[in-house]
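Chains as they are written, first to last, in the working numbering: chain A, 1 to 150; chain B, 1001 to 1150; chain C, 2001 to 2114; chain D, 3001 to 3114.
C-beta: ideal position from N, C-alpha, C; glycine also.
Taking it in order: structure first as structure tokens, then the write-up.
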Ligand SMILES: Nc1ncnc2c1ncn2[C@@H]1O[C@H](COP(=O)(O)OP(=O)(O)O)[C@@H](O)[C@H]1O
Ligand SMILES: Nc1ncnc2c1ncn2[C@@H]1O[C@H](COP(=O)(O)OP(=O)(O)O)[C@@H](O)[C@H]1O
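Put into structure tokens, the structure is as follows:
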């Protein structure tokens, strides 16, 4: 599992990277927001239809990887694209678990899906990882357009 | 035009209001993000299909009201819902206008649409307004569900 | 040229800030080519905001100045609602279906906007 | 009960974290009612993530333990891709269309999941 290299992000391709940020409560019926935003960013980055579908599934996998622990928390997503490369970072801000049944967590339902999620991410994106960012867990991915100029 | 009253927001209905935040570069093809997010928030607030369509159009009108001035800037949207009431605030962070032709602005195309926009907002939402927020322009709207408990 | 006939332009999907400029360009190209009456097919359009409406109002004025009209073909209730809210439902000749294409020059000019 | 016949469950749209729990509930209700073989119609499903896949894997094991199988009816390339990536394309009996409903109890049990 690689570490997210931020250093070369801002000057790749000589352009300004576009940043889209999205935060929402960790609830199952809001995960679609993460997918729709990924599709928009993929389209802006010049991804083709298949690559956009890959990105939609990959960001879904990032977000659901936080489910069990973080019900009641807030999901923060940061989408960047630059020269045909999309980077998505997902962090979670823990919340008070006042309504556990309503959160993204599904209890024992989700046990053991981490392996499926990892297999999907391995296949769908070029790089992905999990690390601590200012004391909070962060999962991220990076995907290049097939015909990327970078 | 009313001022946005923030004071009663956090305790209406006794619940925790849900907050969804979205930021994106002021570009025409990203306005769809604002609409999709509005639809998700409307659904969470219990709006019916017609109310959700009203909300989608209304947030579009908030965002495009910033077009001409703010090409190259960043649009910040904050969606809150609580007890069947949705509040959306839209502020703009000015940017360097390095690529004026690519931004949301369409030059003279948009001149005179403010009146159409205002008519639509008047009809579609319960309250809307424009004010300065920490030195930046902020447009906002509030819409109640027809069968809202509040 | 008859005032009742004119080229047909078809747009579908969401007619918003991203699409309005090219719609305007398309309609104004036909005006510049000498057409004063235009037909805009919105049957497969699902959304129309004030920026698109601004284009329709502007082009409508240009058509009228040239002695013609901008006809809208629209059935989508959301788009009719937008026209009604803004008081524009009576400003355009509205049609519930495409006019018969026979005998006009619409066949050639019909182009799908996407 | 024949191992080849069983109730049909239909799901459409995006099968994700929001939908997976009710899908699981629906399938397990049929298992609890004594069915060991189930058919899941994914013909109108457009998206399937690891949480939905986790449900399919769990229910498949329950079916097999009861001497039956979980059949998937799927043609969507995106869903086939997900099955292939995770090595599960050969773990389920796959069908390109709905089995003939005649002579089974599927007619009664068929329910649309939405
Ligand atoms: N649906 C559409 N049909 C025709 N042209 C379109 C459509 N959507 C966008 N365009 C055109 O594509 C160009 C780029 O669109 P725009 O939204 O401004 O993206 P960008 O900000 O990347 O330039 C514009 O000239 C616009 O007129
Ligand atoms: N497409 C669907 N079909 C059937 N049930 C669904 C579907 N989507 C959601 N549900 C059910 O609706 C309930 C609420 O969904 P959920 O996403 O958890 O929203 P909330 O967070 O508001 O409770 C859940 O029990 C879920 O199983």
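Do you know how far the Cα of residue 1072 (chain B) is from the Cα of residue 1100 (chain B)? In the second chain, counting from the first residue as 1, residue 1100 (chain B) sits at position 100. In the second chain, counting from the first residue as 1, residue 1072 (chain B) sits at position 72. In this prediction, residue 1100 (chain B) has a pLDDT of 47, which is less than 50 and means its spatial position is unreliable; nothing more can be read from the coordinates.
Give me the Cα-Cα distance between residue 3012 (chain D) and residue 1056 (chain B), rounded to the nearest whole angstrom. For this step, residue 3012 (chain D) is matched to residue 12 along the fourth chain. For this step, residue 1056 (chain B) is matched to residue 56 along the second chain. Spanning the two alpha carbons is a distance of roughly 24 Å.
Using 8 Å as the threshold, is the C-beta distance between residue 2992 (chain D) and residue 3094 (chain D) below it? Chain D is shown only over 3001 to 3114; residue 2992 (chain D) falls outside these bounds and no answer can be derived.
Among the candidates C:2092, C:2064, C:2057 and C:2048, whose CA atom is the shortest distance from the CA of residue 1996 (chain C)? One cannot answer for residue 1996 (chain C) here, as it falls past the ends of chain C, which runs 2001 to 2114.
Cβ atoms of residue 2038 (chain C) and residue 2006 (chain C): under 8 Å apart, would you say? The residue you call residue 2006 (chain C) lines up with position 6 of the third chain. The residue you call residue 2038 (chain C) lines up with position 38 of the third chain. Yes, these two residues count as a Cβ contact at 8 Å.
Chain-ordered residues of the region 3019–3035 of chain D with a beta carbon less than 9 Å from chain G: Structure shown: chain G not included; protein chains present are A, B, C and D.
Beta-carbon contacts of residue 3060 (chain D) that lie in its chain and below 8 Å, excluding the five residues immediately before and after: Here residue 3060 (chain D) refers to the residue found at position 60 when the fourth chain is read from its first residue. So the qualifying residues of the chain are 3069, 3070, 3091 and 3092.
Measure the alpha-carbon distance for residue 65 (chain A) versus residue 3062 (chain D) and round it to whole angstroms. Residue mapping note: residue 65 (chain A) aligns to position 65 of the first chain, counting from 1. Residue mapping note: residue 3062 (chain D) aligns to position 62 of the fourth chain, counting from 1. Near 25 Å, if we compare the C-alpha coordinates of residue 3062 (chain D) and residue 65 (chain A).
Stretch-stretch touch, CB-based, cutoff 8 Å, three pairs: the region 1033–1045 of chain B with the region 130–146 of chain A: no
Give me the residue from B:1115, B:1146 and B:1133 with the minimum Cα distance to residue 2057 (chain C). In the third chain, the residue the question calls residue 2057 (chain C) occupies position 57. The option with the nearest alpha carbon to residue 2057 (chain C) is B:1115.
So, at 7 Å on beta carbons, what are the nonlocal neighbours of residue 3086 (chain D) in its own chain, with the 5 sequence-adjacent residues on each side left out? Numbered from its first residue, the fourth chain carries residue 3086 (chain D) at position 86. Cβ neighbours of residue 3086 (chain D) beyond the five flanking positions: 3053.
One question on the structure: do residue 90 (chain A) and residue 62 (chain A) come within less than 8 Å of each other, judged by their Cβ atoms? For the purposes of this step, residue 90 (chain A) is taken as the residue at position 90 of the first chain. For the purposes of this step, residue 62 (chain A) is taken as the residue at position 62 of the first chain. Yes; because the gap between Cβ atoms is below 8 Å, this pair is in contact.
Counting only C-beta atoms, is residue 2008 (chain C) closer than 8 Å to chain B at any point? To locate residue 2008 (chain C), count along the third chain from 1; it is residue 8. Chain B, which has no Cβ nearer than 8 Å to the Cβ of residue 2008 (chain C), makes this no.
Would you mind reading off the limits of the beta strand (DSSP E) that contains residue 2045 (chain C)? For the purposes of this step, residue 2045 (chain C) is taken as residue 45 along the third chain, with counting starting at 1. 2038–2048 is the extent of the beta strand (DSSP E) around residue 2045 (chain C).
Suppose you measure from the CA of residue 144 (chain A) to the CA of residue 40 (chain A); what does that come to, to the nearest Å? If you number the first chain from 1, residue 144 (chain A) lands on position 144. If you number the first chain from 1, residue 40 (chain A) lands on position 40. Spanning the two alpha carbons is a distance of roughly 15 Å.
Give me the Cα-Cα distance between residue 3035 (chain D) and residue 3067 (chain D), rounded to the nearest whole angstrom. What you label residue 3035 (chain D) is simply residue 35 of the fourth chain in a count that begins at 1. What you label residue 3067 (chain D) is simply residue 67 of the fourth chain in a count that begins at 1. Between residue 3035 (chain D) and residue 3067 (chain D), the C-alpha separation is close to 10 Å.
Can you look up residue 2009 (chain C) in the DSSP assignment and give me helix, strand or coil? The residue given as residue 2009 (chain C) occupies position 9 in the third chain. If DSSP states are grouped into helix, strand and coil, residue 2009 (chain C) belongs with the strands.
Per DSSP, what kind of secondary structure is residue 1048 (chain B) in: helix, strand or coil? If you number the second chain from 1, residue 1048 (chain B) lands on position 48. DSSP places residue 1048 (chain B) in coil when its eight states are reduced to three.
Quick one: measure Cβ to Cβ for residue 2023 (chain C) and residue 2055 (chain C), integer angstroms, because I've assumed they're closer than 8 Å. To locate residue 2023 (chain C), count along the third chain from 1; it is residue 23. To locate residue 2055 (chain C), count along the third chain from 1; it is residue 55. About 6 Å; that satisfies the 8 Å criterion.
Best match in A:122, A:48, A:128 and A:30 for proximity to residue 84 (chain A) [C-alpha to C-alpha]: Numbered from 1 along the first chain, position 84 holds the residue referred to as residue 84 (chain A). Closest option to residue 84 (chain A), Cα to Cα, is A:48.
Between the alpha carbons of residue 60 (chain A) and residue 31 (chain A), how many angstroms are there, rounded? Mapped onto the first chain, residue 60 (chain A) falls at position 60. Mapped onto the first chain, residue 31 (chain A) falls at position 31. Distance between the alpha carbons of residue 60 (chain A) and residue 31 (chain A) is about 7 Å.
Where residue 1135 (chain B) sits in the DSSP three-state scheme: Stepping through the second chain from its first residue, residue 1135 (chain B) is reached at position 135. Three-state result, residue 1135 (chain B): coil.
Residue burial classification, residue 1082 (chain B) (beta-carbon count within 10 angstroms, cutoff 16): Here residue 1082 (chain B) is taken as the residue at index 82 of the second chain, counted from 1. When all chains shown are included, residue 1082 (chain B) counts as buried.
Is residue 2024 (chain C) near ligand 3, judged by its Cβ being under 7 Å from some heavy atom? In the structure shown, ligand 3 is absent; the only ligands present are ligand 1 and ligand 2.
Per DSSP, cross-strand counterpart(s) of residue 3071 (chain D): Taking the first residue of the fourth chain as position 1, residue 3071 (chain D) is located at position 71. Answer by DSSP bridge pairing, in chain order: D:3039.
Would you check if the distance between the CB atom of residue 29 (chain A) and the CB atom of residue 1044 (chain B) is smaller than 8 Å? Position 29 of the first chain, counting from 1, holds the residue named residue 29 (chain A). Position 44 of the second chain, counting from 1, holds the residue named residue 1044 (chain B). In contact: residue 29 (chain A) and residue 1044 (chain B) (Cβ atoms closer than 8 Å).
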